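For the sequence shown, the working numbering begins at 19 and goes up steadily by one. The structure under discussion appears below in the form of structure tokens.
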Amino acid sequence: MLLVTGATGRIGRELVRELDARSAEFRILVRDPARAADLPASAERVLGDLDEPSTLPPAFDGVDRVFLLTPGIGVDQAANAVTAARNAGVRHIVLLSSIWVFGDPVPAMGRWHHERERLLRASGIPATILRPGGFMTNVQEWGPSIRKEGVVLDAIGPGRAAPIDPADIAAVAALVLTENGHEGQTYTLTGDETFTIAEQVAIIAATVGRRIEVRAATTPEEIVRSRYPDGAPKPLADAILEAAALMRADTAGVRTGTVHHLLGRRPRTFSDWCARNAHALRLGGEAE
19 MLLVTGATGR IGRELVRELD ARSAEFRILV RDPARAADLP ASAERVLGDL
69 DEPSTLPPAF DGVDRVFLLT PGIGVDQAAN AVTAARNAGV RHIVLLSSIW
119 VFGDPVPAMG RWHHERERLL RASGIPATIL RPGGFMTNVQ EWGPSIRKEG
169 VVLDAIGPGR AAPIDPADIA AVAALVLTEN GHEGQTYTLT GDETFTIAEQ
219 VAIIAATVGR RIEVRAATTP EEIVRSRYPD GAPKPLADAI LEAAALMRAD
269 TAGVRTGTVH HLLGRRPRTF SDWCARNAHA LRLGGEAE
């Protein structure tokens, strides 16, 4: 029996579909059943909340392996899940971490993930750590500025990155959850192509048939708004500013062959992702 947390998010939804296609026996931890109504019926639903440890034993009871995804900047949810897993005798946890867990000291954007990894390793439960780079779906955060101004704020200029389709992360997670031999491994997952922000915007503009201006984000407020249009709490805002400076300096971009090695195929391309999500990317306004 497998347990999936974060099943209604971008990666979780794809993972549920992957497990369903593999005819795996699994359940999903949900706080709001309505949000999981469109997920495959094969997924057993168990009500629970990672913020409320008392609600977790029924979800973890009889579970062999867990996919652990906790959002935000805290570590309490991860700690509660690991405790519940240890009490239930879980034999393997696949943790979604981040490519930002690197360096000495670890950048602020990776510290919460680093602490979650530390908690898991200290538990003694065999683990596989997935450290993906930026998601292709993050470009949807540009929606408000495109709708209002036809503009994308660019905080990294010449910096390059290799964004990954969340569906590829889910495919890797499904593999390591359903096959043996991945315990103790850490996998850094990226796409196969590196881009500047301007290059990504050009692909989006060509896909949706409209002009989109790229404007440099020069103030701290603009840099934060380039990722979180409505602002962010100070700890997260500070982490974004540090991450933007590091990314601006990386004009090569981190790219790994791990997805290809594990799945036997190359990662999905950004152009393909845009084509599949063209409707969502149109973001209002007339095509030009």
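C-beta: ideal position from N, C-alpha, C; glycine also. Small disclaimer: the values here were computed from a predicted structure and weren't measured.
| Item | Value |
| --- | --- |
| Nearest candidate by alpha-carbon position, reference T276, set R294, I182, A96 and R53 | I182 |
| Cutoff 9 Å: R28 Cβ touching any chain B Cβ | Note that chain B does not occur in the displayed structure, where there is just one protein chain. |
| E304 (DSSP reduced to helix, strand or coil) | At E304 the pLDDT is 34, less than 50, meaning the model places this residue with poor confidence and gives no usable figure here. |
| For R109 and V81, the rounded distance between their alpha carbons | 8 Å |
| Backbone secondary structure at L280 - three-state DSSP | helix |
| The stretch 129 to 137 / the stretch 180 to 197 touching (three or more Cβ pairs under 8 Å) | no |
| Contact check, G151 vs L207, beta carbons under 9 Å | yes |
| Spatially closest choice to L47 from D56, P76 and V112, by CA coordinates | P76 |
| Same chain, Cβ closer than 8 Å to N105, five either side skipped, listed in chain order | P75 and F78 |
| Terminal residues of the beta strand (DSSP E) in which R63 lies | E62 to L65 |
| Segment limits, alpha helix (DSSP H) that includes P247 | Here P247 belongs to no alpha helix (DSSP H), and DSSP marks it neither H nor E. |
| In chain order, each beta strand (DSSP E) run of at least 3 residues that lies wholly inside the stretch 144 to 229 | 145 to 150, 169 to 172 and 204 to 207 |
| Outcome for E36 when other beta-carbon atoms lying within 10 angstroms are tallied against a minimum of 16 | buried |
| Assigned secondary structure, A42 (DSSP; H/G/I helix, E/B strand, else coil) | coil |
| Integer-rounded CB distance, given that R286 should sit under 8 Å from A185 | 7 Å |
| Where R136 falls: helix, strand or coil (DSSP) | helix |
| Exposure label - D172; buried when at least 16 CB within 10 Å | buried |
| Contact set for P58: own chain, Cβ-Cβ below 8 Å, skip 5 residues either direction | V34, R35 and D38 |
| Assigned exposure category for E304 - 16 Cβ within 10 Å defines buried | Summary for E304: the model assigns pLDDT 34, below 50, so the residue's position carries little reliability, and this model does not support an answer. |
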